[in-house]
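If you're matching them up, the sequences are chains B and C in order.
Just so we're aligned, residue 5 is where the first sequence starts under my numbering, counting upward by one.
Just so we're aligned, residue 656 is where the second sequence starts under my numbering, counting upward by one.
Cβ atoms here follow ideal geometry from the backbone N, Cα and C, with glycine treated the same way.
Okay, so here's the structure we're looking at.
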Amino acid sequence: MTGIVLAARNVAKSYGQVHALKGVNFDIRRGEVTTLFGENGAGKSTLMKILSGVIQPSSGEIVLDGQPARFANAAEAQARGISIIHQELSLAPNLSVRDNIFMGREIMTPFGVDYAEEERQVRLLMTELEEDIDPQTPVEDLRLGQQQIVEIARALSVDSRILIMDEPTSALSASEVEVLFKVIRDLKARGVSIVYISHHLEEALTITDHAVVLRDGVMTASAPRDRIDLEWIVRNMVGENYDLGSPPKTTPGDVALSIRGLSVPDATGQDLVRGLDLDIRAGEIVCIYGLMGAGRTELLETVAGRLRASGGQIVLDGQEVSHLSIADRIARGLALVPEDRQRDGLVQTMSVGQNLSLASIARFTRGFFTDTRAERALIEDSIRRVTVKTSGGEAAIGSLSGGNQQKVVIGKILATQPRVIMLDEPSRGIDIGAKAEVFRLLAEGARQGLAVLYSTSEVSECLSIAHRIIVMHKGRISAEFDSSVSKEKIMAASGESVAA
Amino acid sequence: MSASTTNPASPKRRSLNLTRILLEGRAFFALIAIIAVFSSLSPNYFTVANFLIMSSQVAIFGILSIGMLLVILNGGIDLSVGSILALSGVVAGAMMQGVELDALGVILYPPVWAVVVLTLCVGAAVGAVNGVLVAIFKVPPFVATLGVMYVARGIALLMTNGLTYNNLRGREELGNTGFAWLGFNRLWGIPISVIVLASIAIVAGLMLSRSAFGRWLYASGGNERAAELSGVPVKRVKITVYVVSGMLSAVAGLVLASQLTSAGPTAGMTYELTAIAAVVIGGAALTGGRGTVRGTMLGAFVIGFLSAGLVIIGVSSYWQTVFTGAVIVLAVLMNSLQYGGPRKG
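Right, dumping it as structure tokens:
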């Protein structure tokens, strides 16, 4: 039975001049997983927020069980059985798992909150989710993946008929994703309808019953699972041929960066990176693939100088750099584009231009003063080189789209004229068009003798421009491949079970 | 991070938006309004003599608030400036009264330039304590400088036993006259203290807008992690701003002691709050990364001219407190309108 429980009819939403949604029809069927695909800014989150009552549409209507419905706010939608798990976690880190799950709807007795009953229900939920989390644990003590589980448990605890999940797996490990998918299947069997949004296309395909693709606020395609494949999704998402490039033909030079026996401890002294060896030559592009927690970020941040190694050597152009500060490493040509561009990459209070020139201030400082003209030249040069779409160097950094912000971070690092550039998940949260441009930039750099080391958690990105693919698993290199390897082999080496 | 990038203001519009001008130049318009209102209420207000007197009073807060601005740009706060001001004054006073060296049995009367240099060093040293606590030991700035505020005040009280050093003019035969120059003399008819403030403001303004250090400061105040990963020496920047703030507090202490020709351990009580108020009225964000010397100077003059004007027209000092508080709240309200406005998600 595929009755439509919730539907959007000609729903449009505009913010001033910007039309986030332009008359979209969207159906959610009982007991099915409807996956919503689309690039950033395509309108996915806007549509989900409308369906869950967080925001109101500018025009069009919502039909619940065949009746037109209006939700004044999220609570009203929730009362009608519609729950949403937002992309960003909305938990209070200082409160326990139990208090978070029952926040705002505590079970009351005449003498106060019935903690025992709440705890019993939490334990039940956790058993269902196969997660061994004590209800009394403060949320801040949980790993990110576990916090996501708590968020899911909270949505389940209100007996939703329709559950909207916005990027629920972005912080989960492979085994946690599997548990989540099992839960989703259970929910389906109980007649719960699920809307699923993910940037991880391969993963999303394994759970989808019905796929809908949005592009620029318009629905471009909709089809059941048996009529779609990865290529179909990408074609409809991007609207053009999808190509992340191929390894550029370069002649590898001398070893630019050499890592020997590098170990990095976490706060408790356990090694996140264990005795890792890696060489990268000038003109070579190396990709590090691994799951969350494999130690990729720690490896890159240690090489960049943010984290302290407990042992090992980092050698740049034949010189040991382990004792140097981040600034000195940048001056010698070793720089990192961090994973989280909002937190570690950009200064939101500064303009596009000031962000671009931030890492190379020394290049335009003459004595005490900065040379305004030299700085402007550097900024304009960077904007052209990394093709940032902006009204100019004075524009606010927040006015750029995610992809262009990422290009600013990359441009900032390229402006330091590095010999080795490291990028931690450079494609995270940017759309495919911008992704392709980022990879084109890296390939271009490699042609000019730059050594490139980037990490990713999407296999398809390994098989694009990288000459060499390193797979990390639990702090070690578990396998090394050249660019002709298959996706399955890479995933198997990462400890990920290959989805059928 | 949300996928819905709802940025209606993508292409920055440069239209002459009246509310925007009023919002951005609010401290300037406030100052104009204050001058206009008091000039109409009192004939004594709008005179050169009065402006010079008011300005020399503003100088002390102005100097403090420039140091405070640097700290606030860095995302910190410095509650110890009033205490450092008092301590510096007392240290200068003690030296002017003569330093007794027991071992040698002599009393040393250092010349005024040496007094000034040593006093500045004391201010810088106390600032360095703040800086090291905050940057190296990761003590929250509010707490670190709160502690130093008490300690510095306590030392000043200990040094003088709670008393005040009077008559710091020095004596001809000891060769240490000239201390009053800072507070009393004029150059081209302008009080020295105002000239000191103007010079510091110009140097600080140039440093912020045109030097690498200025850029480092804005960057590390806006996003310390990103600045660090871009090679900004964030710890050095942090320590430096507290050292400079301490040193400028010592300058203010010298100016005040010179104006009064006396130095007491209870001088400068709550001056840190006035300095913070000036910075906030000047449009700086307490979260760091936003603010200018020009704005801060306007803020200092708004507070100074307002309270002086209220005195001139004979409003009770209790009402002055109320008015000053209202201005501060209004300023913060406008700050949140400017910076926190249309941002969502």
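| Item | Value |
| --- | --- |
| Check each candidate in B:GLY437, B:THR210, B:ALA83, B:ALA419 and name the one with the smallest Cα separation from ALA378 (chain B). | B:ALA419 |
| To which residues of the same chain is ASN822 (chain C) closer than 8 Å at the C-beta, ignoring the five residues directly before and after it? | THR916, SER917 |
| Flag THR661 (chain C) as yes if its beta-carbon sits less than 8 Å from any beta-carbon of chain B, otherwise no. | Bear in mind that a pLDDT of 37 at THR661 (chain C), under 50, signals an unreliable position, so the model cannot answer this. |
| Looking at chain C, is there any beta carbon in it that lies within less than 8 Å of the beta carbon of PHE373 (chain B)? | yes |
| Is the CB-CB distance between GLU135 (chain B) and VAL181 (chain B) below 8 Å? | no |
| State the Cα-Cα distance for the pair ALA79 (chain B) and ALA470 (chain B), rounded to the nearest angstrom. | 48 Å |
| Any beta carbon of chain B sitting closer than 8 Å to that of GLU883 (chain C)? | yes |
| Helix, strand or coil for SER657 (chain C) per DSSP? | At SER657 (chain C), the pLDDT of 38 sits below 50, so the modelled position is not reliable and the matter cannot be decided from this model. |
| Leaving aside the five residues before and after ALA963 (chain C) along the sequence, list all residues of the same chain whose C-beta is less than 6 Å from its C-beta, in chain order. | MET709 |
| Nearest by alpha-carbon distance to VAL356 (chain B): which of B:SER488, B:ILE387, B:LYS53 is it? | B:ILE387 |
| Using a Cβ cut-off of 8 Å (strictly closer), state whether PRO888 (chain C) contacts chain B. | yes |
| Can you confirm whether ALA208 (chain B), when its beta carbon is compared against all beta carbons of chain C, has any partner nearer than 8 Å? | no |
| On a Cα-Cα basis, can you pick out the residue from B:ARG432, B:ILE436, B:GLY449 that is closest to GLY415 (chain B)? | B:GLY449 |
| Kindly identify the DSSP beta-bridge partner or partners of ASN821 (chain C). | C:SER917 |
| Hey, out of B:ILE292, B:SER329, B:MET241, whose CA is closest to ILE474 (chain B)'s CA? | B:ILE292 |
| Compute the beta-carbon to beta-carbon distance between ILE330 (chain B) and ARG310 (chain B), rounded to the nearest angstrom, for a pair I have assumed lies under 8 Å. | 6 Å |
| Quick check on this structure: which residue in C:THR929, C:ALA769, C:GLY753, C:THR774 has the alpha carbon closest to the alpha carbon of LEU903 (chain C)? | C:THR774 |
| Distance check for ARG285 (chain B) and ARG880 (chain C), CA to CA, integer angstroms please. | 29 Å |
| Taking the Cβ atom as the reference point for each residue, do GLY279 (chain B) and SER267 (chain B) lie within a distance shorter than 8 Å? | yes |
| Can you tell me whether ASP281 (chain B) is buried or exposed, with buried defined as 16 or more other CB within 10 angstroms of its CB? | exposed |
| From MET130 (chain B) to ASP170 (chain B), what distance separates their C-alpha atoms? | 21 Å |
| If I follow the unbroken alpha helix (DSSP H) through MET426 (chain B), where does it start and stop? | Note, MET426 (chain B): premise wrong, no alpha helix (DSSP H); beta strand (DSSP E) at 424 to 428. |
| Give a yes or no on whether the minimum CB-CB distance between ALA504 (chain B) and chain C is below 8 Å. | At ALA504 (chain B), the pLDDT of 35 sits below 50, so the modelled position is not reliable; the number obtained from the coordinates is stated separately. No, its Cβ sits nowhere closer than 8 Å to a Cβ of chain C. |
| Quick one: is GLU324 (chain B) buried, meaning 16 or more other Cβ sit within 10 Å of its Cβ, or exposed? | exposed |
| Within 10 angstroms of the Cβ of ASP270 (chain B), are there 16 or more other Cβ atoms? Answer buried if so, exposed if not. | exposed |
| Might you give, ordered along the chain, the residues of its own chain that have their beta carbon closer than 7 Å to the beta carbon of GLN752 (chain C), omitting 5 neighbours on each side? | TYR820 |
| I want to verify the contact list: residues of chain C whose CB lies under 9 Å from the CB of ASP348 (chain B), in sequence order. | ASN878, ARG880, ALA881, GLU883, LEU884 |
| Is HIS203 (chain B) buried or exposed, if buried means 16 or more other CB atoms sit within 10 Å of its CB? | buried |
| Sort out for me which residues DSSP pairs ALA227 (chain B) with in a bridge. | B:ALA215 |
| Would you identify the three-state DSSP class for GLU755 (chain C), choosing helix, strand or coil? | strand |
| Would you mind giving the Cβ-Cβ distance between VAL935 (chain C) and ILE983 (chain C), rounded to the nearest angstrom? I have them listed as a contact below 8 Å. | 6 Å |
| Give me the Cα-Cα distance between GLU88 (chain B) and GLY938 (chain C), rounded to the nearest whole angstrom. | Here the sequence assigns Ile to residue 88 (chain B), which means Glu is not the residue at that position. Whole-angstrom Cα-Cα distance: 39 Å. |
| So, with DSSP's three-state summary, where would you put SER866 (chain C)? | strand |
| Per DSSP, what kind of secondary structure is THR394 (chain B) in: helix, strand or coil? | coil |
| Does the beta-carbon of HIS327 (chain B) have 16 or more other beta-carbons within 10 angstroms, so that it is buried, or is it exposed? | exposed |
| Just the chain C side, please: which residues come within less than 8 Å of THR426 (chain B) by C-beta, in chain order? | First, the residue type needs correcting, since residue 426 (chain B) is Met and not Thr in the sequence shown. Under the 8 Å cutoff, chain C gives no residues; its nearest Cβ is about 11 Å from MET426 (chain B). |
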